[in-house]
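Below is one structure; the comments refer to it alone.
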Amino acid sequence: MSRKNVDQKVKTAVLISGGGSNMVALVQAAQAPDFPAEIVLVISNRPDAAGIAKAEELGVKTLCIDHKNFKTRKKFEQAMDKTLRAHGIELICNAGFMRILSPWFVGSWRGRQLNIHPSLLPKFKGLHTHERAIEAGETEHGCTIHYVDEGMDTGKIIAQAKVKVLPNDTTEALAARVLKAEHKLYPQILMQIASEELQTQN
Ligand code: GAR
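According to numbering that gives the first Met the number 0, the sequence shown holds residues 0 to 201 in order.
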């Protein structure tokens, strides 16, 4: 990341595919005057994502780049990349963004793209994490924020938050508990990473 004016906030984009509750948590946190990052843009790859309306209500610029409108993954990613760069984006937060990204995209945003995953990685990569944690008899579960790399949920871990798995927990109850932890952790980590970036430039 490079910046000319140290007084600027770190220009951040949030990528979503669905409900966008993590995006809402990030946007609300970033609305504090002294927050070191600004959510400049929310991009959804799905036109029916409920998060789009939520971002609009919060007054954030929102774009849908529908992957189905592109013949190849590369063309879809090129469109996203072009949009992100046109908005001067320095940091990307994936928040329930459910498209696999190619090494090309990952490489061009290396160290500048975060993801939140609903498990204590390296446990339970991929989907249905809450169900799998219950089935495995885990007593602890949670969420992880990590840098995005070429693998699926394999990038360098930045932070984790743990929650208890309660006896007789349902998938829904556990998911809600983890989501609450996500909403707390993601803004904290964005604040930390954006502050570090600003300090590096000072
Ligand atoms: C969150 O639990 C997030 O960790 C998960 O999707 C949910 C999105 O909720 N992400 C993944 O599973 C990524 N592999 P949200 O749209 O309400 O933020």
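Using N, Cα and C, we set each Cβ at its ideal position, and we do this for glycine too.
With a threshold of 8 Å, establish whether the CB of residue i neighbours any heavy atom of the ligand GAR.
| i | result |
| --- | --- |
| Gly50 | yes |
| Ala160 | no |
| Pro117 | yes |
| Gly17 | yes |
| Ala174 | yes |
| Asn177 | Rather than Asn, the amino acid found at residue 177 in this sequence is Val. Correct: Val177 has its Cβ closer than 8 Å to the ligand GAR. |
| Ala132 | no |
| Gly95 | yes |
| Asn44 | no |
| Lys47 | Before going further, note that residue 47 is Asp rather than Lys in the sequence given. Outside the cutoff, so no. |
| Asn21 | yes |
| Asn68 | no |
Is it right to say residue i is buried, meaning 16 or more other beta carbons lie within 10 angstroms of its own, or is it exposed?
| i | result |
| --- | --- |
| Asp152 | buried |
| Glu76 | buried |
| Pro186 | buried |
| Met97 | exposed |
| Thr199 | exposed |
| Thr61 | buried |
| Ile192 | buried |
Between which two residues does the beta strand (DSSP E) carrying residue i extend?
| i | result |
| --- | --- |
| Thr11 | 9-15 |
| Ser43 | 36-43 |
| Ile115 | 112-116 |
So what does DSSP say about residue i, is it helix, strand or coil?
| i | result |
| --- | --- |
| Gln198 | helix |
| Glu56 | helix |
| Ile64 | coil |
| Lys155 | coil |
| Ala193 | helix |
| Gly141 | strand |
| Leu173 | helix |
Since residue i is in the alpha helix (DSSP H), which residue starts that stretch and which ends it?
| i | result |
| --- | --- |
| Asn21 | 20-29 |
| His129 | 128-134 |
| Glu76 | 72-85 |
| Val105 | 102-107 |
Say yes only if the C-beta of residue i is nearer than 8 Å to one or more non-hydrogen atoms of the ligand ZN, and no if none qualify.
| i | result |
| --- | --- |
| Met79 | Judged by which ligands are present, the ligand ZN is missing from the structure shown, whose ligands are the ligand GAR. |
Contact the stretch 131-144 vs the stretch 105-122: 3+ CB pairs below 8 Å
yes
Between the stretch 128-135 and the stretch 99-110, are three or more C-beta pairs nearer than 8 Å?
no
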